[in-house]
Amino acid sequence: MVDVLLGLQWGDEGKGKIVDYFAPSYDVIARFQGGPNAGHTLYVKDKKIVLHQIPSGIFHENTTNLIGNGVVLDAVTLHRECETVQSFGVDYRKNLYISERTHLILPTHRALDKASELQKGNEKIGSTLKGIGPAYMDKTGRNGLRVGDLLDKSFTTQYIKLRLKHQKLLDSMNFHEDISAWEEEFFDALEFMRQFKIVNGEYFINDKIRQGKKVLAEGAQGSMLDVDFGTFPFVTSSNTISAGVCTGLGVAPQKIKDVIGVTKAYCTRVGSGPFPTELHDATGEELRRIGNEFGATTGRPRRCGWIDLVALNFACMVNGVTKLVMTKADVLDAFDELKVCTSYVVNGQQTTEVPFQMTRVAIEPELKSFKGWKQDVTALKSASQLPEVMKQYVTFINEYLGVKVAYISNGPGRDQLIEI
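Quick note on my numbering: the sequence shown kicks off at 201 and runs consecutively.
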């Protein structure tokens, strides 16, 4: 069976650490969507490392790691990442596999991303400018190049043909960027990639399932950034929800067992787009400072606010979440009062549903207050040690969502995770 671990908010929920924690219990860790705009932060030998493309099980010697066909792959980022992983004494060649159907991000995709964002002006979506959107557009437009194409003698011809197509688009937008250095890096990285185990991903993963191997599908970004169900158009370019596992790895729906949803004890968002519980005051600043809320990939300050149970309930519903992991609970240690969004008032009407187009309506969050626990929880090891006030906060969330918090993260360390 396949278990799924994914984010339930706008990304940055701390999935990397959670995957790393669960990895020893699984035989295979597989990435099923997203690109290098997603950074999963791990602490290895007390050193911080951010993975963008490689699955978070790479540091476990007996764990197989697969980059699935639903991912868009930046060969340059992968090359750099492999060198970093190797510096920790890990032989990435041994346990890292790439699906031949995985689409490649080209240098011109990055240029198109930049040109498109510039054209939007004040309506820009906050793209990381890494070429993810244009790469997915080429995938759906049936133009893209895939990892398996590297093994074909006509690859360079195919590349030049697509590059010329992109250049015409860039010329039509009156955008000029010297990509010669990007191209040099790109072709160096492609040579590096040819050493990898490039596999037919769907047969590979289904063979593992038939052998009784335990598979964990690792999501990137968050459910509220899903291209269909997120806060469109301020979303990513892939399906970040559990349904994306089927198309992103080639597994059937009945193969999916547990869906483990990760949420912060509060809420953050990077870039533009609606955020009903955002705090534009000293409390928001304090959440950012204590939580060190800056993007793992971009370094951008994250917008901070109270936990939004309307959006979280929606995410649990579309994903079929079976258990929750609450991260960064320790960030709330210092607060006298905590708040939780239980409903929205949209154009004067109360609702517990996420509106179709959140940017077109005025949303006022209705908040329920809780007493803060005012206790350092970072050293706690068991559920019985948790403050009673904290238990009340978690119990309310459990009852509202109809899904239980099974783990609480009380610090960045690998061992700072309490099973409930």
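Glycine is no exception: its CB is placed at the ideal position from the N, C-alpha and C atoms.
query	result
Buried or exposed for residue 528, going by 16 or more other Cβ atoms inside 10 Å?	buried
Between the alpha carbons of residue 201 and residue 289, how many angstroms are there, rounded?	31 Å
Measuring alpha carbon to alpha carbon, tell me which residue in 398, 563, 465 and 618 is nearest residue 213.	465
Figure out for me which residue from 608, 595, 570 and 312 has the closest Cα to the Cα of residue 374.	312
With a cut-off of 8 Å on the beta carbons, I'd call residue 233 and residue 419 a contact; round off their distance for me.	7 Å
Count Cβ pairs between the stretch 214-227 and the stretch 610-619 that sit closer than 8 Å; are there 3 or more?	yes
Tell me, to the nearest whole angstrom, how far the beta carbon of residue 305 is from that of residue 272; I am working on the premise that it is less than 8 Å.	5 Å
Residue 556: buried (16+ other C-beta within 10 angstroms of its C-beta) or exposed?	exposed
CB-CB under 8 Å to residue 506, same chain, minus the five flanking residues each way: which ones, in chain order?	466, 467, 477, 479, 538, 539, 540, 541, 565 and 567
Please list the terminal residues of the continuous alpha helix (DSSP H) segment that includes residue 309.	307-320
Quick check: the Cα distance between residue 333 and residue 269, rounded to an integer number of angstroms?	16 Å
Helix, strand or coil for residue 339? Go by DSSP, reduced to three states.	helix
Which residue from 318, 474 and 459 puts its Cα closest to that of residue 329?	318
Could you please give the first and the last residue of the uninterrupted alpha helix (DSSP H) stretch that includes residue 392?	380-393
Can you check which of these residues, 413, 416, 406 and 471, is closest to residue 433 by C-alpha distance?	471
According to DSSP, is residue 443 helix, strand or coil?	helix
Could you give the distance in angstroms between the alpha-carbon of residue 455 and the alpha-carbon of residue 412?	12 Å
Compute the distance between the beta-carbons of residue 474 and residue 559, then report whether it is under 8 Å.	yes
What is the rounded straight-line gap between the Cα of residue 266 and the Cα of residue 248?	22 Å
Taking only runs that begin and end inside the stretch 450-506, name each unbroken beta strand (DSSP E) of 3 or more residues, in chain order.	456-464, 467-469 and 503-505
So for residue 408, helix, strand or coil by DSSP?	helix
Would you grab the beta carbon distance between residue 423 and residue 440 for me? Rounded to a whole angstrom, and I think it's under 8 Å.	6 Å
In whole angstroms, give me the CA-to-CA distance for residue 371 and residue 378.	13 Å
Under 8 Å by Cβ, that's how I've got residue 449 and residue 405 pegged, so tell me the actual separation to the nearest angstrom.	5 Å
Which stretch, first to last residue, makes up the beta strand (DSSP E) that contains residue 250?	247-251
So is residue 584 buried or exposed if we call it buried at 16+ other beta carbons inside 10 Å?	exposed
Comparing C-alpha positions only, which one of 321, 502 and 315 sits nearest to residue 331?	315
Can you name the residues that DSSP bridges to residue 240?	251
Kindly indicate the opening and closing residues of the beta strand (DSSP E) around residue 161.	In the structure as shown, the chain begins at 201 and stops at 620. Residue 161 is therefore absent and cannot be evaluated.
Alpha carbon to alpha carbon, how far is residue 408 from residue 416?	12 Å
Since residue 275 contacts residue 381 with CB under 8 Å, what's their CB separation in whole angstroms?	That belief does not hold up - the Cβ atoms of residue 275 and residue 381 are roughly 15 Å apart, past 8 Å.
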